[in-house]
Structure formats: C-alpha cells, structure tokens
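In this note's numbering, the protein residues as written are 136 to 511.
Working notes, beginning with the structure itself.
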C-alpha cells in the first residue's frame with residue numbers, strides 16, 4: 136500500500152505553533168525567575184528578612200521609630216514564643232520593666248498603661264547610674280537571673296546603654312581584627328539575654344535615647360551593636376529609643392508632638408539635664424513599648440473594664456533625686472528579693488486579685504536615690 140502524501144504546508148504550520156508555544160513557556164519561566172530574584176532582593180534590602188548567625192534567616196524585629204512620627208511602626212510580633220492566652224484579672228500577664236534610671240520613668244508610665252487593662256501586672260526595677268560595663272557597681276546579669284527566678288515574668292522589658300557611653304572610646308583591636316569593645320559588649324548583651332532566659336521568655340530590649348551633650352556618637356555605636364545582637368534572637372524585640380526622641384533632622388529633641396497626635400503642639404519630653412525623660416517622655420516611650428506587647432499578647436482585646444493593676448516597684452530600686460517619675464496611678468513596693476520564688480501565675484507579690492474598680496487618684500512616691508549622679 137502506498138504511503139500517504141505528506142502535507143508539507145501543514146507540517147510547517149504545526150512546527151511553527153510548537154515553536155511559539157515553547158518560546159512562550161520559556162518567556163514565562165524567565166519572568167517568574169526574575170520576579171523571584173527581585174522579591175528576594177527587596178526582602179533583604181528592606182531587612183524584612185535579616186540574615187543573622189549561622190545559615191538561617193531570621194525576621195528582623197527592630198521597632199522602627201525613625202519614620203515620620205505619624206507612621207512609626209511599633210506593632211511587630213515575635214513568632215518564637217506565642218503569648219499565654221487568655222490573660223485575665225485573676226491570672227494577669229506578668230510584666231517586668233528594668234534598667235538604668237530611665238526605667239524609673241518608663242516603669243511607672245508603662246505600668247500605668249498596661250495596668251489599666253486589668254489583665255497585666257507590671258513591676259519595675261530602676262538602678263541609677265547602672266550599665267553593663269561596670270558590674271562591680273551593679274551587676275545586672277546576676278540581679279536579673281535572681282529576679283527572673285523570683286518573679287517569673289512572661290515579658291521582660293530592659294532599657295540600658297546610656298551609662299556605657301565610654302565603651303566605644305576603647306580603640307584597641309582584638310585578635311580577630313575587630314574593635315575589642317564590640318567583642319566585650321556583645322558578650323555582656325548575650326549574658327543579659329541568658330539571664331533573662333530569652334530562649335523561653337519574650338524580651339523587649341530598648342536602646343538609649345540621644346543626649347543633649349556630645350556623647351551621642353558613642354551612644355549610637357552602642358545602640359547599633361545591641362540592635363545587631365538582638366537580631367539573632369527570635370524571642371527578643373529591639374525598640375529604637377534613639378529615633379523616638381530625635382527631630383526631623385535626626386537631632387536631639389527636647390520637645391516633640393505626642394505620637395498619637397503628630398500635628399499637636401510639641402510637649403517637653405526630656406528633663407532639663409538633657410538626659411532623663413519627663414513624664415510626657417516616659418509616656419511616649421511607654422506607648423511604643425506597649426504597642427509591641429499588645430501586638431504580641433492582644434492585651435487590649437482582653438482588657439477588663441474598671442479593673443486596674445497597681446504598678447509594683449522592686450524594693451531597692453533607685454530613682455533620680457528630684458525625680459522625673461510620672462504622677463497618677465499607684466506604685467507599691469514589693470517584698471525584698473529574698474522572697475520565695477514564684478512558680479505559677481499570678482505573681483506572688485502582686486496586689487490582691489480583687490483590683491479596684493476605678494483608677495486610683497493618689498500616688499505613693501518611690502524612694503529617692505541617695506546616689507549623687509549626673510547620668511541616667
């Protein structure tokens with residue numbers, strides 16, 4: 136039987152169609168690959184993904200306070216350790232706030248905001264002139280280890296660095312070719328995170344705000360180093376207080392408009408010494424930190440109207456003479472640090488769970504420090 140004649144025109148059309156189809160698939164694949172590269176580059180460039188230690192990327196958790204005041208982002212959640220739920224009046228979220236004398240203003244301010252929800256029990260511990268570089272004056276790593284055991288807070292907030300400004304002045308270089316102060320200070324930060332039990336506890340680390348004097352170059356170096364170390368820990372957020380207290384030009388600002396009303400008249404946020412925070416400054420920082428806690432634990436959604444938890448001040452905590460502690464709210468003094476360890480919520484030293492149904496109208500002032508100091 137004779138072979139059927141070949142329709143050369145038909146075969147040619149079929150070949151052209153197949154060629155066009157292959158070309159379209161190649162073009163589509165190229166576009167998808169290009170988009171993937173661009174998206175990946177964008178994530179790294181914007182630090183949505185930050186590559187830390189080892190070979191695993193970790194989400195950048197720095198709270199960006201350098202944006203325009205009306206759009207500052209402070210609603211970052213930490214995926215490493217979800218918050219306990221529910222949190223209630225009888226079993227409130229245990230919140231600890233500590234650090235140098237700036238914590239003496241932040242603690243009561245954050246305590247007032249968080250305690251007003253009725254489902255957070257705040258406690259603060261401020262130590263005038265303390266830092267990480269002089270443990271012979273006050274050893275924060277040892278103290279925090281004991282306090283975490285005693286109080287078992289679920290969230291630890293820590294502000295430090297202002298009194299460590301001299302560290303970057305050490306110009307010596309280590310065997311690895313890196314500035315020795317960076318190696319030393321990194322080890323001190325890591326020791327604090329170990330003391331806080333950051334692998335199993337949410338930690339909010341706050342850098343130092345700028346000063347009115349000429350220490351800001353050193354302060355910025357310390358803040359940047361802390362930020363880079365914190366980025367390697369999935370349960371730790373870094374709040375950029377430096378950016379929170381600068382003007383549009385990135386300079387020290389004595390007065391700023393409130394965060395929630397950026398078009399309002401500026402209010403004093405820094406004390407006359409150019410170092411400490413005013414009541415309004417404490418509120419400004421407290422709102423930024425509270426937004427992190429609220430995003431993590433949905434505190435506002437679980438609030439109990441009419442219930443207020445008084446803020447507890449750790450016995451031995453010191454404040455600046457003349458004080459910039461906020462007024463209003465209630466500050467109570469906790470038992471000494473030798474109290475038995477707390478192993479279950481609520482905090483053993485917390486006020487009775489039958490909290491007042493209206494906000495208190497009087498304040499008991501924390502003891503003033505007997506230390507004469509010009510630093511925080």
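Note that beta-carbon positions come from the ideal geometry of N, C-alpha and C, so glycine has one too.
Among the options, the one whose alpha carbon lies nearest that of residue i
| i | options | result |
| --- | --- | --- |
| residue 431 | 236, 226, 242, 336 | 336 |
| residue 319 | 283, 364, 350 | 364 |
| residue 437 | 225, 236, 254, 372 | 254 |
| residue 372 | 390, 384, 397, 342 | 342 |
| residue 453 | 239, 217, 221 | 239 |
| residue 222 | 445, 231, 434 | 434 |
| residue 386 | 348, 511, 366 | 348 |
| residue 277 | 218, 328, 290, 400 | 328 |
| residue 367 | 378, 295, 259, 334 | 334 |
| residue 300 | 265, 271, 307 | 265 |
| residue 370 | 308, 311, 291 | 291 |
| residue 376 | 346, 400, 398, 401 | 346 |
| residue 360 | 439, 283, 388, 295 | 295 |
| residue 446 | 234, 229, 356, 312 | 229 |
| residue 227 | 234, 237, 246, 233 | 246 |
| residue 288 | 338, 244, 313 | 338 |
| residue 224 | 398, 440, 448 | 440 |
| residue 260 | 270, 268, 269, 286 | 286 |
| residue 293 | 242, 397, 398, 408 | 242 |
| residue 304 | 325, 268, 395, 274 | 268 |
| residue 326 | 354, 448, 274, 306 | 274 |
| residue 244 | 407, 394, 306, 422 | 422 |
| residue 324 | 234, 413, 390 | 234 |
Residue range of the beta strand (DSSP E) that includes residue i
| i | result |
| --- | --- |
| residue 258 | 255-261 |
| residue 233 | 228-234 |
| residue 448 | 446-448 |
| residue 223 | Where residue 223 is concerned, there is no enclosing beta strand (DSSP E), given that its DSSP letter is neither H nor E. |
| residue 337 | 337-341 |
Status (buried if at least 16 other CB within 10 Å, exposed otherwise) for residue i
| i | result |
| --- | --- |
| residue 200 | Its pLDDT being 47, under 50, residue 200 is placed unreliably in this model, and the coordinates cannot settle the point. |
| residue 418 | buried |
| residue 262 | buried |
| residue 322 | exposed |
| residue 383 | exposed |
| residue 514 | Here the chain covers residues 136 to 511 and nothing more, so residue 514 does not appear. |
| residue 351 | buried |
| residue 317 | buried |
| residue 400 | exposed |
| residue 249 | buried |
| residue 308 | exposed |
| residue 511 | buried |
| residue 195 | Only weak support is given to the placement of residue 195: the predicted model assigns it a pLDDT of 34, under 50, and the question is left unresolved by the model. |
| residue 181 | Low local confidence applies: a pLDDT of 33 at residue 181 is under 50, so the model's placement there is unreliable, with the coordinate-based value given in what follows. Classification of residue 181: exposed, given that the 10 Å Cβ count is below 16. |
| residue 313 | exposed |
| residue 311 | exposed |
| residue 219 | exposed |
| residue 236 | buried |
| residue 331 | buried |
| residue 217 | exposed |
| residue 271 | exposed |
| residue 281 | exposed |
| residue 397 | exposed |
| residue 284 | exposed |
| residue 174 | Confidence is the limiting factor: at residue 174 the pLDDT is only 36, short of 50, which leaves the residue's position unreliable, though a coordinate-based value still follows. Residue 174 is exposed by the Cβ-count criterion. |
| residue 429 | buried |
Extent of the continuous alpha helix (DSSP H) to which residue i belongs
| i | result |
| --- | --- |
| residue 243 | 238-250 |
Beta-carbon separation (whole angstroms), residue i vs residue j, contact threshold 8 Å
| i | j | result |
| --- | --- | --- |
| residue 410 | residue 374 | Their Cβ separation, rounded to whole angstroms, is 18 Å, which puts residue 410 and residue 374 out of contact at 8 Å. |
| residue 379 | residue 403 | The Cβ separation is near 15 Å, so there is no contact. |
| residue 443 | residue 251 | 6 Å |
| residue 381 | residue 392 | No, residue 381 and residue 392 are not in contact; Cβ-Cβ is about 13 Å, not under 8 Å. |
| residue 357 | residue 302 | 6 Å |
Complete alpha helix (DSSP H) runs within the stretch 351-436 (minimum length 4 residues, chain order) = 351-365, 376-379, 414-432
Within the stretch 275-320, ranges of the alpha helix (DSSP H) (whole runs, at least 4 residues) = 275-286
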